[in-house]
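Have a look at the structure below, then the notes.
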Amino acid sequence: MNADVISIYKNKIAEKNGGQEKRGRIDIEGVSIIFGSGADENIAVTETSLTINPGEFVCILGPSGCGKSTLLNSIAGYVTPSSGTVLVDDDEVAGPGPDRGMVFQQYSLFPWKTVLENIAFGPKLAGCSPDECSSIANTFLAMIGLTKIANTFPGELSGGMQQRVGIARALANYPRVLLMDEPFGALDAQTRIMMQESLLNIWAEFGITVVFVTHDVDEAIFLADRILVMSASPGSVIADLKVNLERPRKPELATSHDFVELKKQCLGYIRAESLKAFEQVGA
Ligand code: ADP
Ligand code: MG
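Residues in the sequence shown are numbered from 211 upward in steps of one, following the working numbering.
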C-alpha cells in the first residue's frame with residue numbers, strides 16, 4: 211500500500227483533532243431504541259452498554275431482525291436512542307458525521323457520478339479544493355487497486371468492485387470509525403473472501419476502529435478481535451467473545467481447532483436466538 215496514503219490520512223486526522231488523541235473509541239451507555247408507540251411499539255435494542263476500544267475490529271453478530279443495523283445506525287447517528295447515549299471519543303453522537311464512515315450492503319454509490327467523483331464527494335463536502343479532492347480520490351482509488359476505472363460509472367462495475375469503491379469513499383472522509391452493515395452479504399463466496407482479506411489489510415494499515423455487522427458466523431470469526439452476539443428481539447448483547455486467532459488471518463484458518471470451537475459456541479447462541487425469534491413470529 212502507498213505509504214503516502216497513510217501519511218496524508220494520519221496528518222489529516224491530527225489536523226482535524228487539533229492534536230488531540232482521538233482514535234475511535236465508542237461508548238454505548240444504557241441504550242434502548244424503540245420504534246413506534248402503543249400497540250405498534252417495537253423495542254429494537256434494549257438496555258445495551260458496551261465499549262469498543264480504539265483500533266479494535268468488532269463484529270456484531272445475530273439473527274435477522276435482532277437490532278444489529280439499528281445499533282450500528284445509532285453509532286452512525288442515523289437513529290437517535292430512545293434512552294441512553296452513544297459517545298465517540300467522548301463526544302455524544304448527535305447525527306451523522308465525517309468521523310464515522312459507513313458502508314452498506316446495498317451499493318450506495320451515486321449512480322450518476324463516476325467512481326472518482328464518488329470518492330471525491332466527502333472531501334468536496336468538507337471544503338477541499340478541486341485539486342485536493344482529486345488528489346485524495348486518486349490516492350484512495352490506487353489503494354484499492356482500481357485506478358483504471360476512475361472514470362467508470364458504478365452501474366458498469368461488479369458488486370465486489372462497487373463495494374471496494376464504497377470502502378474507498380468512506381475512507382476518503384478520514385473517519386476514525388468505519389461502520390459496515392453486512393457489506394459483503396450480496397457477494398459470491400470467492401469475492402467475499404477476497405474482500406474480507408482486503409478489508410483486514412486496510413484495517414491493519416490504518417489502525418481504524420471497525421464495527422462490522424453480519425449474520426454470518428464464519429465471517430465474524432475470520433474478521434474480528436471481538437464478537438458481540440445479539441439476542442433475538444428485543445435486541446441486546448448476550449455474549450462478548452474474544453477471538454484469539456493469529457493475524458494476519460488466512461482462509462485456511464477456518465479448519466483450525468480454535469476456529470471450529472469458537473464457531474460451535476457462536477452457532478449455539480445464534481441457534482437459540484433464531485429459534486426464539488421464529489417462535490415469536492409464529493405466536
Ligand atoms: P437486523 O439488522 O438485526 O436484521 P434491524 O436493526 O434492522 O435488525 O431491526 C430490528 C427491529 O427494528 C426489527 O423488528 C425492525 O422491523 C425494526 N426497525 C428497524 N428500523 C425501523 C424503523 N426505521 N422503523 C420501525 N421499525 C424499525
Ligand atoms: Mg440489518
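Where a beta carbon is used, it is the ideal one built from N, C-alpha and C, also for glycine.
Residue i beta carbon near ligand 2 (any heavy atom closer than 8 Å)
i: Asp-391; result: yes
i: Val-325; result: no
i: Val-423; result: yes
Rounded straight-line distance, which links the Cα of residue j to that of residue i
i: Asn-454; j: Glu-266; result: 13 Å
i: Ala-380; j: Trp-322; result: 18 Å
i: Pro-385; j: Thr-324; result: 22 Å
i: Asp-468; j: Gln-475; result: 11 Å
i: Asp-250; j: Met-353; result: 47 Å
i: Asn-383; j: Leu-326; result: 14 Å
i: Asp-309; j: Val-387; result: 6 Å
i: Glu-462; j: Gln-372; result: 27 Å
i: Asp-428; j: Pro-340; result: 42 Å
i: Pro-393; j: Ser-318; result: 11 Å
i: Phe-432; j: Val-268; result: 11 Å
i: Glu-366; j: Leu-397; result: 16 Å
i: Ser-441; j: Gly-272; result: 7 Å
i: Leu-282; j: Val-296; result: 10 Å
i: Thr-349; j: Phe-363; result: 18 Å
i: Leu-280; j: Glu-302; result: One point to set straight first is that residue 280 is Thr, not Leu, in the sequence displayed. Spanning the two alpha carbons is a distance of roughly 17 Å.
Neighbour-count burial assignment, residue i, 16 or more Cβ in a 10 Å radius
i: Asp-439; result: As written in the sequence, residue 439 is Val, which differs from the Asp given in the question. Burial call: buried.
i: Glu-456; result: exposed
i: Gln-406; result: buried
i: Gly-234; result: buried
i: Asn-328; result: buried
i: Ala-430; result: buried
i: Asp-391; result: buried
i: Lys-278; result: buried
i: Arg-481; result: exposed
i: Leu-472; result: buried
i: Ala-304; result: exposed
i: Val-470; result: exposed
i: Ala-399; result: exposed
i: Ser-284; result: buried
i: Gly-337; result: exposed
i: Glu-483; result: buried
i: Leu-320; result: Correcting the residue identity first, residue 320 is Phe in this sequence and not Leu. Exposed, by the Cβ-count rule.
i: Pro-458; result: exposed
Beta bridge counterpart(s) of residue i as assigned by DSSP
i: Gly-203; result: With the chain covering 211 to 493 only, the question about residue 203 has no answer from this structure.
i: Asp-445; result: First, the amino acid is wrong: residue 445 is Gly here, not Asp. Partner(s): Val-255.
i: Asp-450; result: Leu-438
i: Asp-301; result: Val-298
i: Glu-239; result: Thr-295
i: Phe-245; result: Asn-252
i: Val-427; result: According to DSSP, which records beta bridges pairwise, Val-427 is partnered with nothing at all.
i: Cys-269; result: Phe-422, Ile-437
i: Leu-260; result: Ile-238
Residue-chain proximity (residue i, chain C), Cβ-Cβ < 9 Å
i: Asp-450; result: Here there is only one protein chain, and chain C is not present.
Please output, in chain order, the residues near ligand 1 using a CB cut-off of less than 5 Å to any non-hydrogen atom of the ligand. Those residues are Phe-245, Ala-254, Ser-274, Gly-275, Cys-276, Gly-277, Lys-278, Ser-279, Thr-280, given in chain order.
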